[in-house]
Structure formats: structure tokens, C-alpha cells
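Visitor: At position 42 of the sequence shown the residue is numbered 42 (the UniProt record's numbering), and the sequence of numbers has no breaks.
My questions will all concern the structure given below.
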Amino acid sequence: NNSSVRDLCEEILASLDLSLGREKTKPAGTIGALVRQIEQNIKSSFLGILVIDEMQRLVFKRTGGENNLLNFLHSLVNKLGVPIFFCANPPFDDTLARTLKAA
1 NNSSVRDLCE EILASLDLSL GREKTKPAGT IGALVRQIEQ NIKSSFLGIL VIDEMQRLVF
61 KRTGGENNLL NFLHSLVNKL GVPIFFCANP PFDDTLARTL KAA
């Protein structure tokens with residue numbers, strides 16, 4: 001776990017597979033394609049809510065900086081079509097609260 005956006009996407013995909021009792025999905029090569037895989041899995045499984053815990057473990061340097069990570073999370077919220085519940089310890093919880101209010 002390198003705490004990158006890609007790692008976050010792959011972890012979401014793997015968790016969906018595990019929860020649904022499916023074989024592991026081979027992750028796509030790009031972040032955009034990974035998000036599409038996640039979106040397809042969520043919609044086909046009729047998932048009601050996505051909970052992402054331990055958000056403070058994401059490292060801003062590995063995710064392209066704070067703005068890049070927060071833009072990605074905002075985009076994820078808008079694309080997936082299900083509520084996303086983010087859990088984080090300080091100081092990341094304050095960052096999420098400030099940025100994702102509008103999402």
C-alpha cells in the first residue's frame with residue numbers, strides 16, 4: 001500500500017469483489033478506467049453506500065498533492081451515483097469537511 005489514488009481505487013475494487021463473492025477483478029491500467037470499473041461494479045451490484053475508512057493514510061505527495069486528491073474524491077462522489085461515507089482521523093477529517101461539502 002503506497003497510499004496513492006491508484007491504490008485507493010484498487011482497494012475499493014478488491015473490496016467490492018470480496019463483498020460480492022467474486023473472483024478478483026484485474027485492475028485497469030489508468031485511474032479513469034479504474035473508476036469506470038468501480039462504477040460498473042457498484043451499479044451492477046446495487047450497492048447502497050460506499051464507506052471508505054482510514055482516509056488519513058493517503059499521502060498527499062503520493063496522490064499528486066492535496067488539491068489533486070481532493071479533486072479526485074470530488075469527481076468520485078459525482079461519478080459513482082451512490083453516497084460515499086468518508087472516515088478519517090485528524091487532520092484529514094477537517095480537509096475532507098472543508099472540501100467535500102459541496103459534493
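By construction, the Cβ of each residue, glycine as well, lies at the ideal position given by its N, Cα and C atoms.
Keep in mind that this is a model prediction, so the values were computed, not measured.
Just the C-alpha distance for V5 and D53, rounded to the nearest angstrom, thanks.
Guide: Position 5 of the sequence shown, counted from the first residue, corresponds to residue 5. Position 53 of the sequence shown, counted from the first residue, corresponds to residue 53. Answer to the nearest angstrom: the Cα atoms are 14 Å apart.
Visitor: Check the DSSP bridge columns for V35 and list the partner residues they point to.
Guide: The sequence position of residue 35 within the sequence shown is 35, counting from 1. V35 is not bridged to any residue.
Visitor: Here's the rule: buried if 16 or more other CB atoms are within 10 angstroms of the residue's CB, otherwise exposed. What is V35?
Guide: Taking the sequence shown and counting its residues from 1, one reaches residue 35 at position 35. It counts as buried.
Visitor: Starting from the Cα of S19, find the closest Cα among L8, K26, L47 and Q40 and give me that residue.
Guide: Numbered from its first residue, the sequence shown carries residue 19 at position 19. Of the listed residues, the one whose Cα sits closest to S19 is L47.
Visitor: Take F92 and list the residues in its own chain whose beta-carbon comes closer than 8 Å to its own, dropping the five residues that flank it on each side.
Guide: Here residue 92 corresponds to residue number 92 of the sequence shown, with the count starting at 1. Taken in chain order, the residues that qualify are M55, Q56 and L58.
Visitor: Would DSSP call F85 helix, strand or coil?
Guide: For the purposes of this step, residue 85 is taken as the residue at position 85 of the sequence shown. Of the three classes helix, strand and coil, the one that applies to F85 here is strand, per DSSP.
Visitor: Which of the three DSSP states is assigned to L47 in this structure?
Guide: Locating residue 47 in the sequence shown gives position 47, where the first residue counts as 1. Three-state result, L47: coil.
Visitor: Alpha carbon to alpha carbon, how far is A97 from E10? Give it in angstroms, no decimals.
Guide: Counting from 1 along the sequence shown, the entry for residue 10 is found at position 10. Counting from 1 along the sequence shown, the entry for residue 97 is found at position 97. Between E10 and A97, the C-alpha separation is close to 24 Å.
Visitor: I think Q37 touches L73, with their Cβ atoms under 8 Å apart; what is that distance to the nearest whole Å?
Guide: On the sequence shown, residue 37 is found 37 positions in, with the first residue counted as 1. On the sequence shown, residue 73 is found 73 positions in, with the first residue counted as 1. Not a contact, Cβ separation roughly 17 Å.
Visitor: Can you list, in chain order, the residues of its chain with a C-beta nearer than 7 Å to that of V82? Leave out the 5 residues immediately preceding and following it.
Guide: If you number the sequence shown from 1, residue 82 lands on position 82. The residues are I42, L47, G48, I49 and L50.
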